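Asker: Could you have a look at this structure, given as structure tokens, before my questions?
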Amino acid sequence: MEISKHSTILVVLMALAMAHSSLAQNLPKDIVIVHNKARAEVGAPLPPLKWNETLANYAHEYASTRLAECKLVHSDSPYGENIAMGYGEFSAVDAVNLWVGEKPNYDYSSNSCKQGMCGHYTQVVWKNTLQVGCARLKCTNAQNSPQDYLNPHNEARRQVGVGPLRWDNRLAAYAQNYANQRIGDCGMIHSHGPYGENLAAAYPQLNADRAVKMWVDERQWYDYNSNSCVPGKVCGHYTQVVWRNSIRVGCARVRCNNGWYFITCNYDPPGNYNGQRPYGDLEEQQPAFDSKLELPTDV
């Protein structure tokens, strides 16, 4: 993907889903500092960004329109725009750090992304951008909070003696980015990224608890002794939910154009490795099992 070389003055906008309203790391000066730190590190003299209240008001007005679903959808404004979503104490500074974290994906020689995304980073360090204004709001998407995903995951893990997962904002951002790519078709297609991944889709409604329950219900099709699924059945979603070495999870939900809902959860480290059971004694020699051989055609 080639990066556009046109010159313009741009603004960064954030529409963030938050559980708390702490002012820590959300003040204009905090946001400006972290942007300008990234700009100072590129090895070329870039003008520092300055805070602009008009842009901040625009950002707040648009973020207010996204409260119900917290979708990462751009405003089609005349300004440059970066959007992020996180949970808990996810701050504006955390959001900027997510965007700056794309720096390794940008290749200056070809002016393109080497892998993944890099456009948020290039906007942060864009030479002709002079002003920035941001907004941070709490969304109202009930039954799809981090805790709504964590609770059923960790209950299933508790039942087999496995430690709890914890929420990871970077995984959630990855999940949201991929979910956005599925809005057009709601297809049960894996992202083939570096993480473990469970997908679910349903109509006319699907929330966090129901999606995880669908995966956990596959427990009946998993045979621990043979470390395999019952013939003709899928159980790989369940084994990923309870995979002992997976310790972090992040999920996202979108409403597709056809009215269906699509949920994806990503796990780190990933599970479902050949020759390992999801829980119990992982040191013994075990039959091979890989859920990727038995992906669902529907849910």
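As numbered in mature numbering (1 follows the signal peptide of the UniProt record, and there is no 0), residues -24 to -1, 1 to 275 make up the sequence shown, in order.
Virtual Cβ for every residue (Gly too), placed ideally from N, Cα, C.
Just so it is clear, the structure is predicted and the values come from calculations on it, not from any experiment.
Put ASN28 into one of helix, strand or coil per three-state DSSP.
Answerer: Here residue 28 refers to the residue found at position 52 when the sequence shown is read from its first residue. Correct three-state label for ASN28: coil.
Asker: Hey, out of SER40, LEU31, VAL69 and TRP236, whose CA is closest to residue 278's CA?
Answerer: Residue 278 is absent from the model: the chain starts at -24 and stops at 275.
Asker: Could you please give the first and the last residue of the uninterrupted beta strand (DSSP E) stretch that includes ASP244?
Answerer: The residue you call residue 244 lines up with position 268 of the sequence shown. Counting along the chain, the beta strand (DSSP E) containing ASP244 begins and ends at 237 to 244.
Asker: Using the rule of at least 16 other Cβ atoms within 10 Å of the residue's Cβ for burial, across every protein chain shown, is ARG42 buried or exposed?
Answerer: As a first step, residue 42 is located in the sequence shown; it is residue number 66 there, counting from the start. Buried, because 16 or more other Cβ atoms sit within 10 Å of the Cβ of ARG42.
Asker: In the stretch 118 to 143, which residue ranges form an unbroken alpha helix (DSSP H) of at least 4 residues, counting only runs that do not cross its ends?
Answerer: Runs found: 122 to 135.
Asker: On the DSSP bridge list, what partners appear for GLN107?
Answerer: Position 131 of the sequence shown, counted from the start, is the residue given in the question as residue 107. The partner list for GLN107 (beta bridge, DSSP) reads LYS26.
Asker: Measuring straight from C-alpha to C-alpha, what distance separates GLN252 and THR215?
Answerer: In the sequence shown, counting from the first residue as 1, residue 252 sits at position 276. In the sequence shown, counting from the first residue as 1, residue 215 sits at position 239. So the two alpha carbons sit approximately 11 Å from each other.
Asker: In this structure, how does DSSP classify VAL10 when only helix, strand and coil are distinguished?
Answerer: By 1-based counting over the sequence shown, the position of residue 10 is 34. VAL10 falls in the helix class under three-state DSSP.
Asker: Give a yes or no on whether the minimum CB-CB distance between ASN156 and chain C is below 8 Å.
Answerer: Considering every chain present, this structure includes no chain C. It has just one protein chain.
Asker: Quick check on GLU194: buried or exposed, where buried means 16 or more other Cβ atoms within 10 Å of its Cβ?
Answerer: Here residue 194 is taken as the residue at index 218 of the sequence shown, counted from 1. With 16 or more other Cβ atoms within 10 Å, it is buried.
Asker: Drop a sphere of 10 angstroms on the beta-carbon of VAL206, count the other beta-carbons inside from all chains shown, and report buried for 16 or more, exposed for fewer.
Answerer: Locating residue 206 in the sequence shown gives position 230, counting from the first residue. Classification for VAL206: exposed.
Asker: In whole angstroms, what separates the C-alpha of LYS13 from that of LEU22?
Answerer: Here residue 13 corresponds to residue number 37 of the sequence shown, with the count starting at 1. Here residue 22 corresponds to residue number 46 of the sequence shown, with the count starting at 1. Going from the Cα of LYS13 to the Cα of LEU22 covers about 11 Å.
Asker: Near ASN242, what residues of its chain come up, given a Cβ to Cβ distance below 6 Å and the 5 sequence neighbours on each side ignored?
Answerer: As a working note, residue 242 is residue 266 in the sequence shown. Within the same chain, ASN242 has close Cβ partners LEU147, TYR150, ALA151, TYR171, GLU173 and GLY226.
Asker: Are there 16 or more other CB atoms within 10 angstroms of the CB of TYR82, so buried, or fewer, so exposed?
Answerer: Start at 1 with the first residue of the sequence shown, and residue 82 comes out as number 106. The residue in question, TYR82, is buried, as its Cβ has 16 or more Cβ neighbours within 10 Å.
Asker: Determine the contact status of LEU141 and ASN130, defining contact as a CB-CB distance below 8 Å.
Answerer: Here residue 141 refers to the residue found at position 165 of the sequence shown. Here residue 130 refers to the residue found at position 154 of the sequence shown. In contact: LEU141 and ASN130 (Cβ atoms closer than 8 Å).
Asker: For GLY208, I'd like the list of residues in its chain whose CB is within less than 8 Å of its CB, leaving aside the five on either flank, ordered along the chain.
Answerer: One-based indexing of the sequence shown puts residue 208 at position 232. Excluding positions up to five away in sequence, the list is empty.
Asker: From the DSSP output, read off the bridge partner residues of ARG15.
Answerer: One-based indexing of the sequence shown puts residue 15 at position 39. Its beta-bridge partners do not exist; DSSP assigns none.
Asker: Could you tell me the distance, in whole angstroms, from the CA atom of ASN233 to the CA atom of ARG158?
Answerer: The residue given as residue 233 occupies position 257 in the sequence shown. The residue given as residue 158 occupies position 182 in the sequence shown. About 9 Å.
Asker: Which of the three DSSP states is assigned to ASP199 in this structure?
Answerer: Within the sequence shown, the letter at position 223 stands for residue 199. In this structure, ASP199 counts as strand in the three-state DSSP scheme.
Asker: Counting along the chain, where does the alpha helix (DSSP H) carrying residue 301 start and finish?
Answerer: The structure shown does not extend to residue 301, since the chain is modelled only from -24 to 275, so the question has no answer here.
Asker: Determine the direct distance from the alpha carbon of TYR237 to that of VAL49, and round the result to whole angstroms.
Answerer: Counting from one through the sequence shown, the residue named residue 49 turns up at place 73. Counting from one through the sequence shown, the residue named residue 237 turns up at place 261. Roughly 16 Å separates the two Cα atoms.
Asker: By alpha-carbon positions, which one of HIS168, GLY163 and GLY169 ends up nearest to ALA176?
Answerer: Residue numbering aside, residue 176 sits at position 200 when the sequence shown is read from its first letter. The option with the nearest alpha carbon to ALA176 is GLY163.
Asker: Can you list, in chain order, the residues of its chain with a C-beta nearer than 8 Å to that of residue 279? Leave out the 5 residues immediately preceding and following it.
Answerer: Since the first and last residues shown for the chain are -24 and 275, residue 279 lies out of range.
Asker: Within 10 angstroms of the Cβ of SER86, are there 16 or more other Cβ atoms? Answer buried if so, exposed if not.
Answerer: In the sequence shown, counting from the first residue as 1, residue 86 sits at position 110. Counting Cβ neighbours within 10 Å, SER86 comes out exposed, since fewer than 16 surround it.
Asker: So, for TRP219: in the same chain, excluding its five sequence neighbours on each side, which residues have a beta-carbon less than 6 Å away from its beta-carbon?
Answerer: Here residue 219 is taken as the residue at index 243 of the sequence shown, counted from 1. Result list for TRP219: GLY247 and PRO254, in chain order.
Asker: Assuming the contact rule is C-beta atoms closer than 8 Å, ALA184 and ASP124 should be a hit. Round their C-beta distance to whole Å, please.
Answerer: Looking up residue 184 in the sequence shown gives position 208. Looking up residue 124 in the sequence shown gives position 148. The pair is a contact, with the Cβ atoms about 4 Å apart (cut-off 8 Å).
Asker: Sorted by chain position, which residues of the same chain lie with C-beta nearer than 6 Å to ASP6's C-beta, five sequence neighbours on each side aside?
Answerer: As a working note, residue 6 is residue 30 in the sequence shown. Same-chain partners within the cutoff: VAL69.
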